[in-house]
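Engineer: Numbering (mature numbering (1 follows the signal peptide of the UniProt record, and there is no 0)), first residue to last: -21 to -1, 1 to 851.
If you want it as structure tokens, here you go:
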């Protein structure tokens, strides 16, 4: 086994103000027990701007920041307070330079709590497509709608959680339970979003794997995800590195602690790994109300506080705002740290072209009325037009339908039960086939499970502008279909010999601020079983009908064992979370207009006990939960392979109405791996420089002409406070900085050198080509999935196979072929060396074995570096 190298900082001390913050304590001594993991200090915060691709944007930001006052700078780092504007959060503005309040708003699948928007399929659905082009196109749609609504920063995509806990409430917001699938999904989405000028915000960094007990407050402390260094790099950080390489503009920090240090003030995580090793050039923001300390978080590399409030929202206090002004005046927060915060924020704003007539918010997430309170969180607020009902949908329903359709995963299809004929005699069962009987968007943030399940619940949702239900779509095609929209099988139903039963069931989850049917975000009471007695509904149908089709809408893995092997159950489809086009996308596949081409973005087990015990939900009445990641890299299919557990359906599984042959495989060396470690990293370029003198107190004194809004967060101090802070800076009084704090930059990490890390990590080491031929009778698309097996010569235990690349063919007609090329990078065949702190690959790729197939267990193509390829 690899030596365990833990990172994050010791126990959290929650601060009550910026200047009197109790900084996170010094690192604990290294212990053998996982529960005593800690993070070493990493100071100071690296400056942004040293990457050439960002030079122009940083130069523009530098010109502005050089002429801004202290109050103007602080205003851009701090949210104005919860419910203090139209968006989920907004910064202060700098009118003197034409910089508006920067609007940050949910969600990863559409613009939340507004109108005339598109409710796209959820991330887990996108991952199931294994289609890079659709990932990008959906990103473009998200960006265009954010831009059209005046949202500067759309809070997504999500790659954390990573699916470590199958019951985890927000797994469905990400792209699957694999770091490469997550990383490619994130990168394509980011590129699509930011091509429109909207800023993406990759989240949640890192270890937010269950909803319960995630948050710290004045009375509770969120759980600590204790992750060893190798697991962090090879699994949980992988998609964040891909997002940084895609030039994501912002990254959101998670609520929880990592190795006993709150993510929002974890200097090793933000300064050391994200900004230095991964070369992140954008800005780091908190999750909402995840800010826990003032000076501590600023020094640790945080750049923006959202929504700005302190320990208790709506009390008008903040860890930053006027407290950050005070901390700069009294010298506890260096001026250069504040300058870097603001420069990063403005550099992203410039890089996305948001200085060029980017629209202001034209919606309110607080009300559906045209007129309303401008600052709903204030005790007294002016009233004005808050909703302009701008239609941003364009033709995005086309992309939404294509994503939902191409994600549909056919698990079972005995006797070619599917596709259906348009004149088949159909009887449809289950409330999941129909509408919410209480009306569209009848529960806030989808905090209920009624009708067809289009998405989970929480902040990762959007209102449905409409929903085409399966009932709508099937009735539009079949004139003989009968619908029984109940989850209790009707005893009066008669089954004729030619009748086909279609049974709809689902499994839901969401964010912890809403509890649905006993599930506090995570699937606590429902487990991995279907909701609303779905298993019983399928079994009842199987007793009466000789042919049963099961359609499942689900947030993640679901146990099928009560009925999957019943003789009448001929076909099973997982339609994931399809968004507004739920019905038409499903009908496209059910009736054979398209062959299913989705593949599982997770493993489906026989029973929940197939998973390691360490990935279960954790609860305890007192004290901080220590969540030890003892399973390491062996998550989802990696665990099943290691323990030789046969799953019900493996990761990557997905059937088609046709068949495909993989032939003529070949492997080529592109960039020889002549050394175990990558070539030396490039040097950092120059960064913006500013005077380091503390500004005069007059720059943050309340303007006499300002009409204050109570509870609104401002950067100002009264004259006595400002002068008192400045006096402290000139006194001998010393601030109790965290142990290990330094203003001397650390040596550049050898694994860094560009956005995402050393650019040599993305050198193409090998390419594998394979010709895919449709050998069946219907058109269809295949997904070539490439898995890598690393050699024992690396001296570390590695998963038997790891997804490293995939490509989806175009629609192939019967007999038609397409040659796909799959690229394998140096990083793809590397492990993280915790001693050297760099990526280590087998020299010349010796011993590397590559599998290409249509699931993790499909071995129809095997290649060995130096020995060529073979097919089964």
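Glycine included, C-beta positions come from ideal geometry on N, C-alpha and C.
Using only alpha-carbon positions, find the residue among 765, 809, 789 and 785 that is nearest to residue 848.
Structural biologist: The residue with the shortest Cα to Cα distance from residue 848 is 765.
Engineer: In whole angstroms, give me the CA-to-CA distance for residue 244 and residue 607.
Structural biologist: Using only the alpha carbons, I get a separation of about 20 Å.
Engineer: Near residue 23, what residues of its chain come up, given a Cβ to Cβ distance below 6 Å and the 5 sequence neighbours on each side ignored?
Structural biologist: Cβ neighbours of residue 23 beyond the five flanking positions: 722.
Engineer: Helix, strand or coil: which one does DSSP assign to residue 119?
Structural biologist: In the structure shown, residue 119 sits in a helix (DSSP, three-state: H, G or I).
Engineer: On the three-state DSSP scale, how would you describe residue 320?
Structural biologist: Note: residue 320 maps to helix in three-state DSSP.
Engineer: Would you kindly work out how many angstroms separate the C-alpha atoms of residue 445 and residue 100, rounded to a whole number?
Structural biologist: When rounded, the distance between both Cα atoms is 13 Å.
Engineer: Going by alpha carbons, who is nearest to residue 585 out of 397, 374, 572 and 536?
Structural biologist: Closest option to residue 585, Cα to Cα, is 536.
Engineer: Kindly list the residues whose CB is nearer than 6 Å to the CB of residue 564, restricted to its own chain and excluding five residues on each side of it in sequence; keep chain order.
Structural biologist: 380, 383, 384 and 557, listed in sequence order.
Engineer: List the residues that DSSP assigns as beta-bridge partners of residue 607.
Structural biologist: Answer by DSSP bridge pairing, in chain order: 205.
Engineer: Excluding the 5 residues flanking residue 29 on each side, which residues of the same chain have their C-beta closer than 6 Å to its C-beta?
Structural biologist: Correct list, in chain order: 663, 664 and 666.
Engineer: Using beta-carbon positions only, say whether residue 326 and residue 125 come within less than 7 Å of one another.
Structural biologist: No, these two residues do not count as a Cβ contact at 7 Å.
Engineer: Might you give, ordered along the chain, the residues of its own chain that have their beta carbon closer than 7 Å to the beta carbon of residue 452, omitting 5 neighbours on each side?
Structural biologist: 562, 563, 565 and 566, listed in sequence order.
Engineer: Looking at chain D, is there any beta carbon in it that lies within less than 7 Å of the beta carbon of residue 740?
Structural biologist: Absent from the structure is chain D; it holds one protein chain and no more.
Engineer: Residues in its own chain within less than 6 Å of residue 330 by CB, not counting five upstream and five downstream?
Structural biologist: Correct list, in chain order: 36.
Engineer: Residue ranges of each alpha helix (DSSP H) run of no fewer than 4 residues wholly in the segment 696 to 766, ordered along the chain?
Structural biologist: Runs of the alpha helix (DSSP H) inside the segment 696 to 766: 698 to 708.
Engineer: Anyone know if the C-beta pair for residue 707 and residue 309 falls short of 7 Å?
Structural biologist: Contact flag set, yes.
Engineer: Residue 325 by DSSP, collapsed to three states: which one?
Structural biologist: If DSSP states are grouped into helix, strand and coil, residue 325 belongs with the helices.
Engineer: Taking only three categories from DSSP, how would you classify residue 616?
Structural biologist: If DSSP states are grouped into helix, strand and coil, residue 616 belongs with the helices.
Engineer: Once you ignore the five residues that flank residue 460 on each side, which residues in its own chain have a CB closer than 7 Å to its CB?
Structural biologist: Answer for residue 460: 405, 407, 453 and 454, listed in chain order.
Engineer: Count the CB pairs spanning the segment 504 to 523 and the segment 149 to 161 that are closer than 8 Å, and state whether there are at least three.
Structural biologist: Verdict: no, contact absent.
Engineer: What are the boundary residues of the beta strand (DSSP E) that includes residue 549?
Structural biologist: Looking at the DSSP string, the run of the beta strand (DSSP E) that includes residue 549 is 548 to 553.
Engineer: Let's see if you can read the secondary structure: which residues bound the beta strand (DSSP E) around residue 406?
Structural biologist: Looking at the DSSP string, the run of the beta strand (DSSP E) that includes residue 406 is 404 to 408.
Engineer: Go ahead and pull the three-state DSSP assignment for residue 215.
Structural biologist: Here residue 215 sits in helix by DSSP.
Engineer: Would you mind sorting residue 227 into buried or exposed? The rule is 16 or more other CB atoms within 10 Å of its CB.
Structural biologist: Burial call: buried.
Engineer: DSSP on residue 558, reduced to helix/strand/coil?
Structural biologist: In this structure, residue 558 counts as helix in the three-state DSSP scheme.
Engineer: In angstroms, rounded to a whole number, what distance separates the CA positions of residue 758 and residue 837?
Structural biologist: Using only the alpha carbons, I get a separation of about 22 Å.
Engineer: Where does residue 252 fall in DSSP's three states?
Structural biologist: Residue state, collapsed to three classes: helix.
Engineer: Does the Cβ of residue 622 have 16 or more other Cβ atoms within 10 Å, making it buried, or fewer, making it exposed?
Structural biologist: Classification of residue 622: exposed, given that the 10 Å Cβ count is below 16.
Engineer: Can you list, in chain order, the residues of its chain with a C-beta nearer than 7 Å to that of residue 73? Leave out the 5 residues immediately preceding and following it.
Structural biologist: Here the set comprises 47, 51, 54 and 55.
Engineer: What residues in its chain sit with their C-beta under 7 Å from that of residue 104, if we drop five residues either side in the sequence?
Structural biologist: Result list for residue 104: 382, 383, 386, 555, 556 and 557, in chain order.
Engineer: Since I believe residue 750 is in contact with residue 820 (beta carbons under 8 Å), could you give me their beta-carbon distance rounded to a whole number of angstroms?
Structural biologist: 28 Å between Cβ atoms; not a contact.
Engineer: Nearest by alpha-carbon distance to residue 682: which of 611, 693, 281 and 65 is it?
Structural biologist: The shortest C-alpha separation from residue 682 is found at 693.
Engineer: Under 7 Å, do residue 263 and residue 306 count as touching if we go by C-beta distance?
Structural biologist: Not in contact: residue 263 and residue 306 (Cβ atoms no closer than 7 Å).
Engineer: Do residue 223 and residue 277 count as a contact pair if the criterion is CB distance below 7 Å?
Structural biologist: No; because the gap between Cβ atoms is not below 7 Å, this pair is not in contact.
Engineer: Would you kindly report the start and end of the unbroken beta strand (DSSP E) that includes residue 642?
Structural biologist: Looking at the DSSP string, the run of the beta strand (DSSP E) that includes residue 642 is 639 to 648.
Engineer: Report the residue from 187, 121 and 185 whose alpha carbon sits nearest the alpha carbon of residue 169.
Structural biologist: If we check each option's Cα against that of residue 169, 121 comes out closest.
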